[in-house]
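What follows is a set of notes on a single structure, which appears directly below.
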Amino acid sequence: MVEKMLFWTLFLLLGNFCLVVGSLQDPQEAWTESSLYYYHKKNLSTPRKPENISCVFYYEKNFTCTWSPEKEVYRTEYTVRRTYRKRKRKDSCRNENHPSCSFFFPNVTYPDTYSIEVEAKNDFGEQKSNVTFWNLEHIVKIEPPAILTVEPIPGVKHMLQVTWRKPNGVPVSESYICQLRYRRVNSTNWELGNQRLENERPYNLTGLLLLQQYAISMQCKVITSEFWSNWSEERIGTTEGLAPNSSLDLWRVLGPAQPDGERTVQLLWKEARADPNVRKPLGYNIWYFPENETTVKETKMTTDQQFKLHLGSAAYLVTVVYSTFDGVSPEATLRIPAVHEKLLQCIEAVQVHQSQDHLEVWWQTSNAEVDQWVIEWYPDPEMENLKRSWEFVSQTRKWTGRAENFVPFQCYNISVYPMVGIEVGVPYSIQAYFKEGIPSEGPLAKAQNISTQTATIKWEEIPKTKRRGFICNYTVFYKSDHGIEFAITVDSSILQYELESLESNTQYTVKIMANTLAGGKNGTSFNFKTSISIIKIVLLGAITGGGLFSLGILLMVCSLNKPKLKRLVCPEIPNPAKSNVVLWHDDNFKSKLHLGEVQFHGKTLDERIPKPYLFSSGDLIDKLVVDFENFLDKTEVHGVELMKMKESTLSVEGKKYVNAPYNFYSPSGQAFQGLLSSALVSLKGTQEPSSERLDEETKDKTFQRPNANGILEPEQQPWEEAGLNPYLKNSVTTREFLTSEEFSDPNQEED
């Protein structure tokens, strides 16, 4: 309500403004503009008059009327007033913003005539249509019929029979008629049938093509009505074709014979040519029997285009036919030869020529009477017999294979069979590519028998599935680390090559390329190293071995004789002038020596010198012996002068090493291997524990030598025969004896 008030207020203000402006203008012009304004205002506000009223009657459903315009600017309410002609009464229906209205059953009478008036009303006014009159018998509309079947009549060509069911919505007292339209399934152009259909009688659609699919649709109407029903849903039918007029192309694949003579024969067949007027086969019938026993016949049925038979070693006859809705095909017969039967052989050579879009095969024959051939091809390697393809040719010795029959880069086995009647001869086979390419991988290679200057390179063949063409040759590439690359090409039948004139002790890189007509593919490269020369190995071994041997001898000598080696290399040379030697004279000394009465600072020699016992020669040298070899003169010695001990004051606990003689020589030059063994002398009456232990070890032991019976006997003392020469030579070897630490070396004191 508020919106309406605002609208009228704005309208009055604008109207007054226009009047004021118009008063300032010419009165005639002001009147004209005001009249146009009110005219447009009236036409834009009120609804438009309903026109083009159309009414349809659906039997026992509704009575519906529609009109135009379909849409108004403002919200509009429509009222349809209906007046019955027979009953003289009125009713109405309302609808808002939609230009149609319906009266529903049972408020619909048939037959009758209605008068219809449509009123359109909105906030600015209303409009009424003209009154129209409608006879329900003329405007009744029924449902489309339902098509039941579309099928050919057996034995009748070029025709389809259509059956349907009566449409719904036909008044009881009325009759109806129908019409049919049809089109080929792969076309969009419809054609009307030339007959009117009545009372559900089947309709025969004639003039059709053989073995073609057609789409059929129908519509019906009451005879008194102006309206046809909608078109029914389409139904597909196929016209009858011709009976098969040609036999199958029958082929076989013979399996190997078993020890018992049985073998497997794979039968393959296909239609000789695709005839569009022949219906597809429903199934295949197979008969087979031994050639010499026609009464023993077996029958098989299948829907596939192949069948496997298990036959014996004898010759067999095999027959295959196929059937359709239109008939049965002629028989296709083939003879299966016996296992050890000799077959016809007349093909001398086969050649294959490759082109971009086809493959041509030529062959030569020695039998001019043979004019029928079978061309068979299949991929190599063959996985299944289903991949085999074949084609019959006659009166020619050339066959052209189309591109769709082959796969590029695939190797095929192509065979040509001579055929006389139903017998098949010996084939001539060849391999070919429809199109060749570069191998998908290179050869796998390795090096063997490697020497100083030669090596054998061996590689494997590329699998057939990856060759993509015929291998023409192989190229061997090899290169040293610091040299140039060499290439050697060999024939495709060679799978190894010996490299010569190589450098010794050198690493080489090798790769193999496989080549086809389209190009080459390298394999994976690998390395190998030649061996070193034998002369170098011998020289190096000799030098290394000699050095190691010398080093081993030196180490052994050093480890075993280190003390002796030291004494031999750097011997100690004592100074005789600075030595004190005790002199022993004549028999007095001998007797005292035997009696142990030789005195050293108040003590006898027997008390200070341990009695020796028998040692081996090595032990005597290592332990106590002092070698005086070549030390004494060979002249007669009247006496022996012992080295005098250096006079020095010893501490109670001091110790010193003293040199003691070992070898004595007689004036005649005879050596007495005596012993004055490492006697530990304790000066000035002092006795150390070490000397006590030595005394205990040597106690009660005398100089002894084994007799003839192996029993030790006292040895004669060397000094009993002759005295000692007091003269000492420079080559004396001494042994150090432990004495007091406070004693110093005489040589050091002299210095």
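Per our numbering, the sequence shown runs over residues 2 to 752.
Even glycine gets a Cβ: it sits at the ideal position worked out from N, Cα and C.
Should residue i go down as buried or exposed, given a rule of 16 or more other Cβ atoms within 10 Å for buried?
{"i": "Leu249", "result": "buried"}
{"i": "Glu241", "result": "buried"}
{"i": "Lys522", "result": "buried"}
{"i": "Asn589", "result": "Here Asn589 scores only 46 on pLDDT, less than 50, and its place in the model should not be relied on; the value that follows carries that caveat. Asn589 should be labelled exposed."}
{"i": "Val297", "result": "exposed"}
{"i": "Leu161", "result": "buried"}
{"i": "Ser218", "result": "buried"}
{"i": "Gly156", "result": "exposed"}
{"i": "Cys1", "result": "Beyond the ends of the chain as shown, which are 2 and 752, falls residue 1; an answer cannot be given."}
{"i": "Leu552", "result": "exposed"}
{"i": "Gly711", "result": "Legend: pLDDT at Gly711 = 43, less than 50; position of this residue unreliable, no value from coordinates given."}
{"i": "Tyr75", "result": "exposed"}
{"i": "Ala543", "result": "exposed"}
{"i": "Ser494", "result": "exposed"}
Does residue i have its Cβ less than 7 Å from a Cβ in chain D?
{"i": "Arg90", "result": "Absent from the structure is chain D; it holds one protein chain and no more."}
Closest to residue i by C-alpha separation, out of the options, would be which residue?
{"i": "His341", "options": "Ile287, Gly313, Tyr183, Phe529", "result": "Gly313"}
{"i": "Glu508", "options": "Lys480, Tyr60, Ser502, Gly524", "result": "Sequence check: residue 508 is Gln here, not Glu. When only C-alpha atoms are compared, the closest one is Lys480."}
{"i": "Gln411", "options": "Arg398, Pro380, Ala404", "result": "Pro380"}
{"i": "Asn63", "options": "Lys459, Leu137, Leu211, Pro291", "result": "Leu137"}
{"i": "Pro382", "options": "Tyr413, Tyr115, His359", "result": "Tyr413"}
{"i": "Glu52", "options": "Phe58, Glu71, Thr65", "result": "Glu71"}
{"i": "Phe308", "options": "Gln454, Met420, Pro112, Leu269", "result": "Leu269"}
{"i": "His99", "options": "Leu345, Thr325, Arg86, Tyr79", "result": "Tyr79"}
{"i": "Asn123", "options": "Thr133, Asn96, Val279, Gln346", "result": "Asn96"}
{"i": "Trp252", "options": "Phe393, Val81, His354", "result": "Phe393"}
{"i": "Ile485", "options": "Asp492, Leu496, Ser493, Leu503", "result": "Leu503"}
{"i": "Ile54", "options": "Glu61, Tyr60, Lys87, Arg82", "result": "Arg82"}
{"i": "Val141", "options": "Pro575, Lys399, Trp229, Gln432", "result": "Trp229"}
{"i": "Tyr418", "options": "Ala316, Arg469, Phe106, Trp400", "result": "Trp400"}
{"i": "Ser233", "options": "Gln214, Gln128, Lys91, Leu181", "result": "Leu181"}
Could you give the residue range of the alpha helix (DSSP H) that holds residue i?
{"i": "Glu138", "result": "137 to 140"}
From what residue to what residue does the beta strand (DSSP E) around residue i run?
{"i": "Ser430", "result": "429 to 434"}
{"i": "Thr67", "result": "63 to 69"}
{"i": "Val186", "result": "Counting along the chain, Val186 falls outside any beta strand (DSSP E), and DSSP gives it neither H nor E."}
{"i": "Ala448", "result": "446 to 449"}
{"i": "Glu199", "result": "Segment: none, Glu199 is in no beta strand (DSSP E) and carries neither H nor E."}
{"i": "Leu243", "result": "First-last for Leu243: undefined, no H or E at that position."}
{"i": "Tyr379", "result": "373 to 380"}
{"i": "Glu442", "result": "Element bounds for Glu442: n/a, residue is neither H nor E."}
{"i": "Gln762", "result": "An answer regarding residue 762 cannot be provided, because it is not within the stretch 2 to 752 covered by the chain."}
{"i": "Lys91", "result": "91 to 97"}
{"i": "Thr84", "result": "78 to 85"}
{"i": "Val754", "result": "Absent from the structure is residue 754, since the part of the chain shown begins at 2 and ends at 752."}
Can you find the residues in the same chain that come closer than 8 Å, C-beta to C-beta, to residue i, ignoring five residues on each side of it along the sequence?
{"i": "Ala350", "result": "Trp364, Gln365, Tyr429"}
{"i": "Ile513", "result": "Gly443, Pro444, Ala446, Ile458, Trp460, Tyr475, Thr476, Val477, Phe478, Asn523, Gly524"}
{"i": "His41", "result": "Confidence in His41 is poor, its pLDDT being 46 and thus under 50, which makes the residue's placement too unreliable to answer from."}
{"i": "Ser452", "result": "Thr531, Ser532"}
{"i": "Arg694", "result": "Bear in mind that the predicted position of Arg694 carries a pLDDT of just 40, short of 50, making it too unreliable to give a figure here."}
So who's on the other strand from residue i, going by DSSP bridges?
{"i": "Val266", "result": "Leu255, Leu310"}
{"i": "Asn286", "result": "Met302, Val322"}
{"i": "Ile148", "result": "Trp165"}
{"i": "Ile178", "result": "Lys222"}
{"i": "Ser532", "result": "Answer by DSSP bridge pairing: none, since Ser532 is not bridged."}
{"i": "Phe487", "result": "Tyr479"}
{"i": "Asp276", "result": "Bridge partners of Asp276: none, in fact."}
{"i": "Asn523", "result": "Met514"}
{"i": "Phe105", "result": "Asn63"}
{"i": "Asp124", "result": "DSSP, once it has assigned bridges, lists no residue as partnering Asp124."}
{"i": "Phe393", "result": "Val375"}
{"i": "Thr133", "result": "Ile117"}
Which residues in the same chain have their Cβ closer than 7 Å to the Cβ of residue i, if we skip the five residues on either side of it in sequence?
{"i": "Gly328", "result": "Ala244, Pro245"}
{"i": "Asn406", "result": "Ser390"}
{"i": "Trp165", "result": "Pro146, Ala147, Ile148, Leu149, Glu201, Met219"}
Take residue i and list the residues in its own chain whose beta-carbon comes closer than 6 Å to its own, dropping the five residues that flank it on each side.
{"i": "Arg389", "result": "Tyr379"}
{"i": "Thr510", "result": "Lys480, Ser526, Asn528"}
{"i": "Lys436", "result": "Pro409"}
{"i": "Leu198", "result": "Cys179, Tyr204"}
{"i": "Asn756", "result": "Nothing about residue 756 can be reported from this structure: the residues present for the chain run from 2 to 752 only."}
{"i": "Tyr323", "result": "Pro282, Tyr285, Ser330"}
{"i": "Gly126", "result": "Thr47"}
{"i": "Phe616", "result": "Residue placement at Phe616 cannot be trusted, given a pLDDT of 42 that sits under 50; the coordinates are not used to answer."}
Is any non-hydrogen atom of the ligand ZN found closer than 6 Å to the C-beta of residue i, if you look at the structure I gave you?
{"i": "Ile117", "result": "With respect to the ligand ZN, the structure shown offers nothing to examine, as it has no ligands at all."}
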